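Q: Chains L and V are the protein sequences, given in the same order. One gets the working numbering by counting positions in the first sequence from 1 and adding 1099 to each. One gets the working numbering by counting positions in the second sequence from 1 and adding 1099 to each. Ideal placement from N, C-alpha and C gives every residue a C-beta, glycine not left out. What you are looking at is a predicted structure, and each value in this text was computed from that prediction instead of being measured.
2 protein chains.
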Amino acid sequence: MASTIYERIVEDIRQKINKGIYAPGEMIPSENSLCREYGASRITIRKSLALLAEGGFIYSVPGKGSFVRKPNNDFHILHFNEMDIIKGHVDKIVLLGVKIIVPTGELIRQLKINKNQKVVVIRRLFYSKKDPFAYDVKYLPYDKCKPIVEEVIQYATFPELVSLSTPLFSLRKELTIGAENAQGEEQKALKVEKGHSLLVVEQKLFSDEDKPVGWGKIYYRGEYCHLRAVSSFNERVVKA
Amino acid sequence: MASTIYERIVEDIRQKINKGIYAPGEMIPSENSLCREYGASRITIRKSLALLAEGGFIYSVPGKGSFVRKPNNDFHILHFNEMDIIKGHVDKIVLLGVKIIVPTGELIRQLKINKNQKVVVIRRLFYSKKDPFAYDVKYLPYDKCKPIVEEVIQYATFPELVSLSTPLFSLRKELTIGAENAQGEEQKALKVEKGHSLLVVEQKLFSDEDKPVGWGKIYYRGEYCHLRAVSSFNERVVKA
DNA sequence: TAGTGGTCTAGACCACTAG
DNA sequence: TAGTGGTCTAGACCACTAG
C-alpha cells in the first residue's frame, strides 16, 4: 500500500490508463481538476504527474494539458560491461599485447584523428576454464603523458581505460551488436574453426565534446555468451 | 544558456561533479546550504537535485544528505522493434503460416502453461529485395475468443500481437541476444548455407501479473542486421 | 539535540492556447 | 478572456541520523 498521497494518486491514474478510462492520446483532467478530485495541493498533484511522465505514461503540453502517451514497447535497458557479461565463468584474462601503432585508414576514420596521431592497441583474451571464449581489441589515441600500466590494462573495462584522459561522468558510449562468422585474428585467438558463429560487440566512446576517445570490438563465442535487455517502460514508476 | 534557475543550478553542480570538486561518494552541500549559496528557495533546489538524481549523478539518503554517485557506464538504451530494425531495407513480409498446436515441453516451460493449453505459432519471413534476411517465430497461448486475423498478424510487432489480451501499458519484455550458426528450419527458410552466422533475438513478454504471454525468436542474417545501443548515463539531464 | 532529506500546503506570476 | 501547465516563494511538520 502506498504510504504517501502522491503515490496513491500515481497508482490511481496509472490504473485508469491501464483500464483505458484515460485512453492513449486523450487528455487527462487538468491539474486544478485533479486538485479538487483528490483534495490535494497542486504541488502534490504535480509530483504525481511528474512521476507518471517519468514512467512514460503521460506528457504535458504547456497551455493545453496533460495527455496519455501512446504505449511504446521499443525501449530496453541493456546492462553491458565486458567484465560483467562473463561473470561467474571467467577464470583468466590474458593480456596478449599492448602496442603503439601508426593508425590505419579505419582507425583514422573511427577515432577522427590525423595520420600523425599514434594509437594504442590493446588485445586481450578471456578464458573460461581452459577455453578462450572472448577476444577483445581496443584502440585509444596515444598520449605520451599517460603512462601505460599493464597491470591496470589487464583487468580494466573500456570506460576505465579512457578515464585517464576523460572524466567517466561525461563519457558517452555507443554499442553496435552483431553476429559474424569467425575469421582472421579473432578466429586464431579463440581457437575455433573457421566460420564459428561469434557475437560481436563494437564499442565507441565519446568525450563530453563528442570527440571519439576509444574504439574497439569484442568477439564472444556464440555458445558462451548472450546479452540480456529488459523493456524500460514504466520502470521508474514501478520502483517508486 | 539555461533559462530557469533550476537549470542553472543543475548545470553548475554537474560541472562541479565533472571537475571533481564534488567527488564520487562524497556528500554535496545540504539543501539548506545550497539555498543560501544560490539564493533560491528550497523547492527550487530540490527540483535541481531531483534532476541530478534522475540523471544518475547523485542520490539522497534521508537524515544524512545527498551524495555523488560513482559513475556507472554499464547502462544502455536499446531501441528494438522487429519492424524498425529493418526499416529502409525491408521490401516484403511473407506470412509463412499460422498454426494451432499442442505445446512442446519447451513451450510448456517458457509460457508456463499446462499440456491442454494450445499454442498459436506464427512464422514470418522478411525480405530485402529478393533475399530473405530474417526469419521470425512467435508462440502465443491460444485463446478461442480471440480471432486470428492474418492481415493483422502479417505486419504486427510482438507487443501488438499480444495486445489483444493484455494492455500494452502493462507489458514487460525481456530480450536475449545471441549469435548462432544457421541450422534446421531457420537455415532452410533463410536459404543460407549451413553454419551461416545469425543474430538471434529471443523475446519473452509478460503481463502485469508476470505471467508469460508470448515467446519467440527472430533470426537475422548476420551481415544484414546490427543492433545499436547508447549509454544512458545522464541522458535525461542533457535533454532538460 | 541539531541537522538532514521527504512530504505537503497556499499562493503568486508567467507564457502559452484556444475559442 | 478563461484555462492550462511551468516556475518560484515562504513556511510547516515529519522521521531519521549522528554526535
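State the start and end residues of the unbroken alpha helix (DSSP H) segment that holds VAL1189(V).
A: Taking the second sequence and counting its residues from 1, the one referred to as residue 1189(V) is at position 90. No alpha helix (DSSP H) holds VAL1189(V); DSSP gives it neither H nor E.
Q: Taking the alpha-carbon positions, what's the LEU1297(L) to ILE1199(L) distance?
A: Reading the first sequence from its first residue, position 198 is the one you call residue 1297(L). Reading the first sequence from its first residue, position 100 is the one you call residue 1199(L). Those two C-alpha atoms are separated by around 27 Å.
Q: Is ARG1335(V) helix, strand or coil by DSSP?
A: In the second sequence, residue 1335(V) corresponds to position 236, counting from 1. Interpretation of ARG1335(V) is limited by its pLDDT of 35, a score under 50 that renders its predicted location unreliable; no figure is taken from the coordinates.
Q: Select from VAL1291(V), SER1140(V), LYS1169(V), LYS1228(V) the residue whose C-alpha is nearest the C-alpha of GLY1154(V).
A: Residue mapping note: residue 1154(V) aligns to position 55 of the second sequence, counting from 1. Cα-wise, what sits closest to GLY1154(V) is LYS1169(V).
Q: Since VAL1201(L) and ARG1222(L) are thought to touch, with beta carbons under 8 Å apart, how far apart are those beta carbons, to the nearest angstrom?
A: The residue you call residue 1201(L) lines up with position 102 of the first sequence. The residue you call residue 1222(L) lines up with position 123 of the first sequence. The pair is not a contact, with the Cβ atoms about 17 Å apart (cut-off 8 Å).
Q: Using DSSP with H/G/I as helix, E/B as strand and the rest coil, what is LYS1310(V)?
A: Numbered from 1 along the second sequence, position 211 holds the residue referred to as residue 1310(V). Coil, per DSSP.
Q: Which value, in whole angstroms, describes the spacing of the CA atoms of VAL1167(V) and THR1265(L)?
A: Taking the first residue of the second sequence as position 1, residue 1167(V) is located at position 68. Taking the first residue of the first sequence as position 1, residue 1265(L) is located at position 166. One C-alpha to the other measures close to 18 Å.
Q: For LYS1237(V), report the span of its beta strand (DSSP E) as first-last.
A: The sequence position of residue 1237(V) within the second sequence is 138, counting from 1. Residues 1230 to 1240.
Q: Kindly list the residues whose CB is nearer than 6 Å to the CB of TYR1319(V), restricted to its own chain and excluding five residues on each side of it in sequence; keep chain order.
A: Here residue 1319(V) refers to the residue found at position 220 when the second sequence is read from its first residue. Closer than 6 Å at Cβ, skipping near neighbours: ALA1233, LEU1298.
Q: Following the continuous alpha helix (DSSP H) through VAL1251(L), name the residue where it begins and the one where it ends.
A: Indexing the first sequence from 1 puts residue 1251(L) at position 152. Element bounds for VAL1251(L): 1249 to 1254.
Q: In whole angstroms, what separates the C-alpha of ALA1152(V) from that of LYS1146(L)?
A: Position 53 of the second sequence, counted from the first residue, corresponds to residue 1152(V). Position 47 of the first sequence, counted from the first residue, corresponds to residue 1146(L). C-alpha separation (whole angstroms): 15 Å.
Q: Pick out whichever of GLU1181(V), LEU1260(V), TYR1137(V), THR1256(V) has its Cα sitting closest to the Cα of ASP1242(V).
A: Position 143 of the second sequence, counting from 1, holds the residue named residue 1242(V). The shortest Cα separation from ASP1242(V) among GLU1181(V), LEU1260(V), TYR1137(V), THR1256(V) belongs to LEU1260(V).
Q: Excluding five sequence neighbours on each side, which residues of the same chain lie with their C-beta closer than 8 Å to the C-beta of ASP1192(L)?
A: For the purposes of this step, residue 1192(L) is taken as the residue at position 93 of the first sequence. First, the amino acid is wrong: residue 1192(L) is Ile here, not Asp. ARG1223, LEU1224, PHE1225, TYR1226, GLN1253, TYR1254.
Q: Based on the DSSP secondary-structure assignment, which residues constitute the bridge partners of TYR1318(L)?
A: To locate residue 1318(L), count along the first sequence from 1; it is residue 219. Per DSSP, TYR1234(L), VAL1299(L).
Q: Helix or strand or just coil, what does DSSP make of GLU1153(V)?
A: For this step, residue 1153(V) is matched to residue 54 along the second sequence. GLU1153(V) falls in the helix class under three-state DSSP.
Q: I think ILE1207(V) touches LYS1214(V), with their Cβ atoms under 8 Å apart; what is that distance to the nearest whole Å?
A: Taking the second sequence and counting its residues from 1, the one referred to as residue 1207(V) is at position 108. Taking the second sequence and counting its residues from 1, the one referred to as residue 1214(V) is at position 115. So it is a contact: roughly 7 Å between Cβ atoms.
Q: Mind pulling the chain V residues with CB within less than 8 Å of GLU1273(L)?
A: Taking the first residue of the first sequence as position 1, residue 1273(L) is located at position 174. The answer, in chain order, is ARG1327, ALA1328, VAL1329, SER1330.
Q: Applying a beta-carbon distance threshold of less than 8 Å, which residues of chain L neighbour ILE1176(V)?
A: Numbered from its first residue, the second sequence carries residue 1176(V) at position 77. Those within 8 Å of ILE1176(V) in chain L are PHE1174, HIS1175, ILE1176, LEU1177, SER1331.
Q: So which residues on chain V does GLU1341(L) lean against when the C-beta distance must stay under 7 Å?
A: There is simply no residue 1341(L) to check, as chain L begins at 1100 and stops at 1339 in what is shown.
Q: Count the other CB atoms within 10 Å of the CB of ILE1317(V); is the residue buried (16 or more) or exposed (fewer)?
A: Counted from its first residue, the second sequence places residue 1317(V) at position 218. Answer is buried; the Cβ neighbour count reaches 16.
Q: What does the alpha-carbon distance come out to for the pair LEU1210(V) and LEU1239(V)?
A: Indexing the second sequence from 1 puts residue 1210(V) at position 111. Indexing the second sequence from 1 puts residue 1239(V) at position 140. Distance between the alpha carbons of LEU1210(V) and LEU1239(V): 8 Å.
Q: Determine the burial state of LYS1338(V): buried for a count of at least 16 other Cβ atoms within 10 Å of its Cβ, exposed for fewer.
A: The sequence position of residue 1338(V) within the second sequence is 239, counting from 1. Any reading at LYS1338(V) needs caution, since the residue's pLDDT is 28, under 50, leaving its predicted position unreliable; the model's value is listed next. It is exposed - the Cβ of LYS1338(V) has fewer than 16 other Cβ atoms within 10 Å.
Q: Would you say SER1306(L) faces chain V, with C-beta separation under 9 Å as the test?
A: Here the question's residue 1306(L) lines up with position 207 in the first sequence. No, SER1306(L) does not count as interfacial toward chain V.
Q: Once DSSP output is grouped into helix, strand and coil, what is the label at THR1275(L)?
A: By one-based count along the first sequence, residue 1275(L) stands at place 176. Strand, per DSSP.
Q: If you scan the stretch 1111 to 1160 of chain V from start to end, which runs of the beta strand (DSSP E) of 3 or more residues do you find wholly inside it?
A: Complete beta strand (DSSP E) runs here, min 3: 1157 to 1160.
Q: Could you spell out where the alpha helix (DSSP H) holding VAL1261(V) opens and where it closes?
A: Position 162 of the second sequence, counted from the start, is the residue given in the question as residue 1261(V). Segment 1257 to 1261, the alpha helix (DSSP H) holding VAL1261(V).
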